[in-house]
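From first to last, the protein sequence lines are chains L and C.
Residue numbers for the first sequence, in my numbering: 28 to 190.
Residue numbers for the second sequence, in my numbering: 159 to 849.
Where a beta carbon is used, it is the ideal one built from N, C-alpha and C, also for glycine.
Everything on this sheet refers to the single structure shown next.
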Amino acid sequence: MQTGRNSSDRNGTNAPSEYLTFTLGNEEYGIDILKVQEIRGYDPVTHIANAPEFIKGVINLRGVIVPIVDMRIKFKVGEPTYHEFTVVIIMNVLGRIIGMVVDGVSDVVALKAEQIKPAPEMGAALNTDYITGLGTVDDQMLILVDIEKLMSSEEMQVMDQSI
Amino acid sequence: MTQAQEIKPDIDLNQFNQVFFEECAEHLAEMEQILLALSNEEPDEEKLNAIFRAAHSIKGGAGIFGFQDMTVVTHVLESLLDRIRNHEIPFNAAMIDLFLEAGDVINMQLAGHRDDAGVNQDAVVRISRKLQQLIDSSDVRCERSDAVISVSSPSSDGSVPVLHRYELVFTPDPDIFRRGVRIEQLFRELQELGELSINAGLSSFPDLAGFDPETCTICWSFNLVSPASETVIRDIFEFVADEGQLKIRETSLAVANPDAETLGEATEESVEVSGKAASPALMGNRAYDRNELAPGAYGRRAGETESTLRVGVNKVDQLINQVGELVITQLMVSQSASALDPVQYENLHRSLQQLERTTRDLQQSVMSIRLVPISIVFSRFPRMVRELAAKLGKQVELKTVGDTTELDKGLIEKITDPLTHLVRNCLDHALEIPEERIAAGKERSGTITLRASQTGGRIVIDVIDDGAGLNRARILAKAAERGIPVSDAMSDEEVWQLIFSPGFSTADAVTDISGRGVGMDVVLRNVQSIGGRVQILSEPGQGTRVTISLPLTLAILDGLSVAVGDEKFIIPLNSIIESLQPAAGCLKTVNGKNVVHVRGDYIPIIPLHELFNLPARVTEADKGILVLIDVEGEKAAVLVDALLDEHQVVIKSIETNYRKVDGTAGATILGDGRVALILDVGSLLLMHKSG
Numbered sequence: 028m029q030t031g032r033n034s035s036d037r038n039g040t041n042a043p044s045e046y047l048t049f050t051l052g053n054e055e056y057g058i059d060i061l062k063v064q065e066i067r068g069y070d071p072v073t074h075i076a077n078a079p080e081f082i083k084g085v086i087n088l089r090g091v092i093v094p095i096v097d098m099r100i101k102f103k104v105g106e107p108t109y110h111e112f113t114v115v116i117i118m119n120v121l122g123r124i125i126g127m128v129v130d131g132v133s134d135v136v137a138l139k140a141e142q143i144k145p146a147p148e149m150g151a152a153l154n155t156d157y158i159t160g161l162g163t164v165d166d167q168m169l170i171l172v173d174i175e176k177l178m179s180s181e182e183m184q185v186m187d188q189s190i
Numbered sequence: 159m160t161q162a163q164e165i166k167p168d169i170d171l172n173q174f175n176q177v178f179f180e181e182c183a184e185h186l187a188e189m190e191q192i193l194l195a196l197s198n199e200e201p202d203e204e205k206l207n208a209i210f211r212a213a214h215s216i217k218g219g220a221g222i223f224g225f226q227d228m229t230v231v232t233h234v235l236e237s238l239l240d241r242i243r244n245h246e247i248p249f250n251a252a253m254i255d256l257f258l259e260a261g262d263v264i265n266m267q268l269a270g271h272r273d274d275a276g277v278n279q280d281a282v283v284r285i286s287r288k289l290q291q292l293i294d295s296s297d298v299r300c301e302r303s304d305a306v307i308s309v310s311s312p313s314s315d316g317s318v319p320v321l322h323r324y325e326l327v328f329t330p331d332p333d334i335f336r337r338g339v340r341i342e343q344l345f346r347e348l349q350e351l352g353e354l355s356i357n358a359g360l361s362s363f364p365d366l367a368g369f370d371p372e373t374c375t376i377c378w379s380f381n382l383v384s385p386a387s388e389t390v391i392r393d394i395f396e397f398v399a400d401e402g403q404l405k406i407r408e409t410s411l412a413v414a415n416p417d418a419e420t421l422g423e424a425t426e427e428s429v430e431v432s433g434k435a436a437s438p439a440l441m442g443n444r445a446y447d448r449n450e451l452a453p454g455a456y457g458r459r460a461g462e463t464e465s466t467l468r469v470g471v472n473k474v475d476q477l478i479n480q481v482g483e484l485v486i487t488q489l490m491v492s493q494s495a496s497a498l499d500p501v502q503y504e505n506l507h508r509s510l511q512q513l514e515r516t517t518r519d520l521q522q523s524v525m526s527i528r529l530v531p532i533s534i535v536f537s538r539f540p541r542m543v544r545e546l547a548a549k550l551g552k553q554v555e556l557k558t559v560g561d562t563t564e565l566d567k568g569l570i571e572k573i574t575d576p577l578t579h580l581v582r583n584c585l586d587h588a589l590e591i592p593e594e595r596i597a598a599g600k601e602r603s604g605t606i607t608l609r610a611s612q613t614g615g616r617i618v619i620d621v622i623d624d625g626a627g628l629n630r631a632r633i634l635a636k637a638a639e640r641g642i643p644v645s646d647a648m649s650d651e652e653v654w655q656l657i658f659s660p661g662f663s664t665a666d667a668v669t670d671i672s673g674r675g676v677g678m679d680v681v682l683r684n685v686q687s688i689g690g691r692v693q694i695l696s697e698p699g700q701g702t703r704v705t706i707s708l709p710l711t712l713a714i715l716d717g718l719s720v721a722v723g724d725e726k727f728i729i730p731l732n733s734i735i736e737s738l739q740p741a742a743g744c745l746k747t748v749n750g751k752n753v754v755h756v757r758g759d760y761i762p763i764i765p766l767h768e769l770f771n772l773p774a775r776v777t778e779a780d781k782g783i784l785v786l787i788d789v790e791g792e793k794a795a796v797l798v799d800a801l802l803d804e805h806q807v808v809i810k811s812i813e814t815n816y817r818k819v820d821g822t823a824g825a826t827i828l829g830d831g832r833v834a835l836i837l838d839v840g841s842l843l844l845m846h847k848s849g
């Protein structure tokens, strides 16, 4: 179940899938690298009226209007500060381009299916529904996020639910 | 369907199929349009030719692309049309309906191939048989009339063709072979006109030593017996013979012989001749048409003289986007350069001005690519009205005004359904049956007018009928029934708005035309989704006018940028009446809501910072600036901190990557590269009223 979305399973081989790891506060997260379009610094955003607090606003990404969400506010981890080291991961999720503010991007790691364990019912700030599993790299735990499921969820309010 | 697949060659024809489908649909639409315009009277040759061409093009295309089943109906149709065109079969009004039906069947087959939908083969067979019957019946008639051919035929208009005998001498210029003229083709065309004999001679004696086979030293003389006039013959030589190279002499006149027996013989001959020769020359129904370049000639639509290019919409959109980027970049450069000393950098500033002009022009040209005339939408209604009117037993005349009004292709697609619905409503509900109309002192036949025009920055489309008008009492009663709060004191305008409520219908009976209550609310929603508004004007007994106003284009907008706190917003210029700094004395409150008194009007104030929860520098109306906006006659004053600049902005969708934001109509990118939201004044007003 947890590894169902893993590309290694899909291909029927045991090739590792690659994850981009980033930090939110003290926690280390990972998302499927294939969903990542680019990584950039934090530019001032244009606020959107009456949007939830964690939706910082929209930016102009080479002519495309891209919404920016701050995961630190959404999951109440870390301090939502914005300085020259603040990083925005631009992702391509379900045909949409969405920017995600994180505290920092650390690495790209390859994980084999056996390195990924199912997530316990509680623990992370994130609802377990959006977690594909927990990965272990050099004794460090990675929370693997199903970014498609998360971004299309109602609680993120990024997409119109009617679509 | 399977048949078509079998025939398909190895190479993938799919990419071409799309082109065929599009063209085929166009031909069908054209055919339908002409048929509807015929309205029972004897069609002129031009129109018949046009229908024939459409049918022929479809048949040809279908054959090439391997849709053999589609050629069946088109072939019979074509044969029938050909006979009508040659006056072998008299035209009658019932044929219009038959042709329309045939068009529908072809359309169905087309849809079948395009969308892999099923094809009703019964219908195909049925219509083919009906058409064939007409052809067969005419054959019988022809045979029967053979006996009396000398009296009534060959030309049904009564004039017996007169045969002329011509002597032609054609002395071409020596260069004629080098110019690539095909003499034999010329002979063949002459031969088609009638009985021809040719003699060749030498125009000048060639020097045998220096003989050049490419130099023409031959002259021809022809003897032609034909009913055709001299002009027809000259036409054949038009591109070949220069002035003076062709001499035509009419030698003797083969006058119709009064002797009955020989007359029969003579006319028989002339029937044959006129059948295969005279009509092609006069009507141009051959597969190759000498006059091909002329508008209206074979395979061409009348009036289409300029050449066109078929381009995918996504390519055009990409172009528009890129030009939009260019405009933004140009603004950015201009903004950076404005800090530079104008004297020292005079040349730079001049070049930048030039750049600005050019980019604006470029943008406008690119935008105009997407514009298409509204006649594309309007042209589908005559058929619908005709059929519905017949079904409902009403007499309806449809008028269209402003067919050439151009609007964005995207808008055209979205406006079709709402307009269709409105026209159906007119037919079903608004217009009365002839008896009622006469009783009401009106003409028997009702009128529906579709009118498109461009006023200011918007396209206005009116759907006007001269029917019974909206029934105020009934709407109020129905609304009350549905639990919508109403009162008799409501103004007419407010009452009319009620019909836009979801599920609202005053129809007593649900028909298959309308009255299911999924109606006006869908119209309103569709129109609103493209930034349009709907307005109703109705007079009992006089009729109803529904006005749809749309933005000119979905991609560009003239706007005024305003500041609220740290944010900038764009207000569409076409909704702004004026902006003012109110004196404290002009500000009043009504039920705790602020209004401003402007020249006798009390106008509600919409504080933008409150609506959007923004930290504003100005919260008191008398310290800020009020921008008076007009929303379809309703006024409001938007309170902002400051007015900044006037821009032409490229509208970007927020919804591409995010969701709809209330009170906005999209976003744009300003000269500094930042995003600014474009306000939708209509929904601002709604937000203000509800909040």
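Alpha carbons only, please: which of the options is nearest the one belonging to residue i?
i                            : options                                   : result
isoleucine 633 of chain C    : C/Thr613, C/Ala610 and C/Phe658           : C/Phe658
aspartate 198 of chain L     : L/Ala42, L/Pro43 and L/Thr50              : Residue numbering for chain L in the displayed model covers 28 to 190; residue 198 of chain L lies beyond these limits and cannot be assessed.
glutamate 178 of chain C     : C/Leu194, C/Ile216 and C/Asp240           : In the sequence on display, residue 178 of chain C carries phenylalanine and not glutamate. Closest by alpha carbon: C/Ile216.
valine 185 of chain L        : C/Leu238, C/Lys818 and C/Leu708           : C/Lys818
alanine 610 of chain C       : C/Val530, C/Ala597, C/Leu656 and C/Gln655 : C/Val530
asparagine 583 of chain C    : C/Arg616, C/Ala597 and C/Met542           : C/Met542
valine 282 of chain C        : C/Glu639, C/His245 and C/Gln226           : C/Gln226
histidine 322 of chain C     : C/Asn244, C/Ile812, C/Glu353 and C/Asp240 : C/Glu353
asparagine 244 of chain C    : C/Glu204, C/Tyr503, C/Val471 and C/Gln176 : C/Glu204
glutamate 182 of chain L     : L/Pro43, L/Pro145, L/Lys101 and L/Gly126  : L/Lys101
methionine 854 of chain C    : C/Asp623, C/Lys567, C/Gln493 and C/Gly551 : The structure shown does not extend to residue 854 of chain C, since chain C spans only 159 to 849, so no value can be given for it.
isoleucine 170 of chain L    : L/Val120, L/Met118 and L/Thr48            : L/Thr48
phenylalanine 380 of chain C : C/Thr558, C/Arg346 and C/Gly368           : C/Arg346
Should residue i go down as buried or exposed, given a rule of 16 or more other Cβ atoms within 10 Å for buried?
i                        : result
alanine 305 of chain C   : With a pLDDT of 38 at alanine 305 of chain C, under the threshold of 50, the predicted position of this residue should be treated as unreliable, though the coordinate-derived value follows. Classification of alanine 305 of chain C: exposed, given that the 10 Å Cβ count is below 16.
glycine 840 of chain C   : buried
glycine 699 of chain C   : exposed
leucine 451 of chain C   : Residue confidence for leucine 451 of chain C is low, a pLDDT of 42 falling below 50, so the modelled location carries little weight and cannot support an answer.
valine 469 of chain C    : exposed
lysine 600 of chain C    : buried
glutamate 190 of chain C : buried
glutamine 511 of chain C : exposed
glycine 829 of chain C   : buried
glutamate 419 of chain C : Residue confidence for glutamate 419 of chain C is low, a pLDDT of 41 falling below 50, so the modelled location carries little weight; the figure read from the coordinates is stated next. It counts as exposed.
Between residue i and the ligand ZN, is the CB less than 7 Å from at least one heavy atom?
i                         : result
methionine 490 of chain C : Questions concerning the ligand ZN fall outside what the structure shown contains, since it holds no ligand whatsoever.
On the DSSP letters alone, give me the boundaries of the alpha helix (DSSP H) that residue i sits inside.
i                         : result
aspartate 575 of chain C  : 567 to 583
valine 852 of chain C     : The requested residue 852 of chain C is not part of the displayed model; chain C covers only 159 to 849.
glycine 627 of chain C    : Careful: glycine 627 of chain C lies outside any alpha helix (DSSP H) and carries neither H nor E.
valine 469 of chain C     : Note, valine 469 of chain C: premise wrong, no alpha helix (DSSP H); not H, not E.
isoleucine 642 of chain C : From DSSP, isoleucine 642 of chain C is part of no alpha helix (DSSP H); its letter is neither H nor E.
aspartate 650 of chain C  : 650 to 655
glutamine 806 of chain C  : Looking at the DSSP string, glutamine 806 of chain C is not in any alpha helix (DSSP H); the run it does join, the beta strand (DSSP E), is 800 to 808.
For the beta strand (DSSP E) holding residue i, just list the boundary residues, first then last.
i                         : result
glutamate 353 of chain C  : 353 to 360
aspartate 156 of chain L  : Element bounds for aspartate 156 of chain L: n/a, residue is neither H nor E.
serine 696 of chain C     : 691 to 697
methionine 168 of chain L : 167 to 172
The segment 773 to 784 of chain C contacting the segment 90 to 100 of chain L, beta-carbon criterion three pairs below 8 Å: no
Would you list, in sequence order, the uninterrupted alpha helix (DSSP H) runs of no fewer than 4 residues that lie entirely inside the segment 490 to 541 of chain C? 504 to 527 and 533 to 536
Runs of alpha helix (DSSP H) lying entirely within the segment 249 to 273 of chain C, each at least 4 residues, in chain order: 251 to 273
Report the residue ranges of all beta strand (DSSP E) runs contained in full by the segment 706 to 751 of chain C; include only those spanning at least 3 residues, in chain order. 714 to 722, 725 to 730, 734 to 738 and 745 to 748
For the segment 687 to 701 of chain C against the segment 618 to 627 of chain C, do three or more pairs of beta-carbon atoms, one drawn from each stretch, fall closer than 8 Å, so that the two count as touching? yes
So within the segment 49 to 129 of chain L, which uninterrupted beta strand (DSSP E) runs reach at least 3 residues, ignoring any that extend past its ends? 54 to 59, 63 to 68, 82 to 88, 91 to 97, 114 to 120 and 123 to 129
Could you say if the segment 821 to 837 of chain C and the segment 724 to 737 of chain C meet the contact criterion of at least three C-beta pairs nearer than 8 Å? yes
With three or more C-beta pairs closer than 8 Å as the rule, is the segment 573 to 583 of chain C touching the segment 220 to 240 of chain C? no
Determine contact between the segment 67 to 86 of chain L and the segment 764 to 782 of chain C, defined as no fewer than three beta-carbon pairs at a distance below 8 Å. yes
If you scan the segment 371 to 396 of chain C from start to end, which runs of the beta strand (DSSP E) of 3 or more residues do you find wholly inside it? 376 to 384
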